[in-house]
Amino acid sequence: MEGIFITFEGIEGSGKSTVAGRIEKLFREAGYRTVLTRDPGGNEISESIRKIVLNPESDRMNERTELLLYLAGRAQLVEEIIRPALERGKVVLCDRFFDATTAYQGWARGLGEDVVGELNSFAINGLVPHLTLLLDLTVEEGFRRGPHRREAAGTRGRDRLELESEAFHRSVREGYLRIAKREERVVVIDAARTLEDVEREIIGNINARLGVQLK
674 MEGIFITFEG
684 IEGSGKSTVA
694 GRIEKLFREA
704 GYRTVLTRDP
714 GGNEISESIR
724 KIVLNPESDR
734 MNERTELLLY
744 LAGRAQLVEE
754 IIRPALERGK
764 VVLCDRFFDA
774 TTAYQGWARG
784 LGEDVVGELN
794 SFAINGLVPH
804 LTLLLDLTVE
814 EGFRRGPHRR
824 EAAGTRGRDR
834 LELESEAFHR
844 SVREGYLRIA
854 KREERVVVID
864 AARTLEDVER
874 EIIGNINARL
884 GVQLK
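Counting from 674, one number per residue, gives the positions in the sequence shown under our numbering.
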């Protein structure tokens, strides 16, 4: 494939969605054709799955059902959006990808990283990001910035996963950091700093690792 595939990961409130949008704008300004998407989501089928899996009213959902729904949405996103874009030489930036499933369902839900890894491999059909940026910060800071603040402001209530306990989200963070220790493609970014500092470090990593010249 001739394109570039970058994913953004992190706990709730880490700022990954905001940062992904800013980096996508920089790629466009540098003359690249881009696709900015999210997992689950990005197309009609995957967005429908997203609504089901994140709906607070889906509170009786079994962990295995949750896992399989995420995998189904990802498989559709890969084949309908990401792979075709990469084959056309585009830069694809994705808000979450298979590492999220390893951290949330494999580690925090306790379904097992090996089992989730095998199922992830089936869903992505060989498609692995060139670079994964893990925006890391404490759960307390993430919730102060993210779900709780949005809920207090009345812009959006917390979704089903955001309603999980702080202990659950600490396990998610632990899962992410475990992934970063063993995967060279994953770069841990200290997201507790200013947005400008975070963006500057990300640009440096993208330029150094992918041979591009973002400014």
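Just so it is clear, CB atoms sit at the ideal spot from N, CA and C, and this is done for glycine as well.
Do you know offhand how far residue i's Cα is from residue j's?
| i | j | result |
| --- | --- | --- |
| Leu808 | Thr710 | 17 angstroms |
| Ala864 | Asn735 | 32 angstroms |
| Gly790 | Arg818 | 31 angstroms |
| Glu752 | Asp772 | 18 angstroms |
| Ala703 | Thr805 | 20 angstroms |
| Val726 | Tyr743 | 8 angstroms |
Whose C-alpha, out of the options, is nearest the C-alpha of residue i?
| i | options | result |
| --- | --- | --- |
| Arg756 | Ile677, Leu727, Asn735 and Glu697 | Ile677 |
| Asp832 | Arg851, Ser731 and Gln749 | Ser731 |
| Pro729 | Leu750, Leu836 and Val871 | Leu836 |
| Val845 | Gly785, Lys724, Glu760 and Gln886 | Gly785 |
| Ile718 | Thr691, Arg706, Ile754 and Arg737 | Ile754 |
| Arg769 | Phe681, Glu814 and Val871 | Phe681 |
Is residue i buried or exposed, if buried means 16 or more other CB atoms sit within 10 Å of its CB?
| i | result |
| --- | --- |
| Leu868 | exposed |
| Ser794 | exposed |
| Gly688 | buried |
| Gly694 | exposed |
| Thr774 | buried |
| Lys763 | buried |
Along the chain, where does the alpha helix (DSSP H) containing residue i start, and where does it finish?
| i | result |
| --- | --- |
| Leu740 | Glu736 to Leu750 |
| Arg711 | Premise fails: Arg711 lies in the beta strand (DSSP E), Thr707 to Arg711, not in any alpha helix (DSSP H). |
| Phe678 | From DSSP, Phe678 is part of no alpha helix (DSSP H) but of the beta strand (DSSP E) over Ile677 to Gly683. |
Just to check, is the beta-carbon of residue i closer than 7 angstroms to a non-hydrogen atom of the ligand MG?
| i | result |
| --- | --- |
| Arg833 | Ligands in the displayed structure: none, and consequently the ligand MG is not present. |
At what residues does the beta strand (DSSP E) containing residue i begin and finish?
| i | result |
| --- | --- |
| Gly837 | Rather than Gly, the amino acid found at residue 837 in this sequence is Glu. Per DSSP, Glu837 belongs to no beta strand (DSSP E) and is neither H nor E. |
When you compare the region 739-753 with the region 849-858, are there three or more beta-carbon pairs, one atom per stretch, that lie closer than 8 angstroms? no
Is the region 770-786 touching the region 689-703, taking contact as three or more C-beta pairs under 8 angstroms? No: fewer than three Cβ pairs fall under 8 angstroms.
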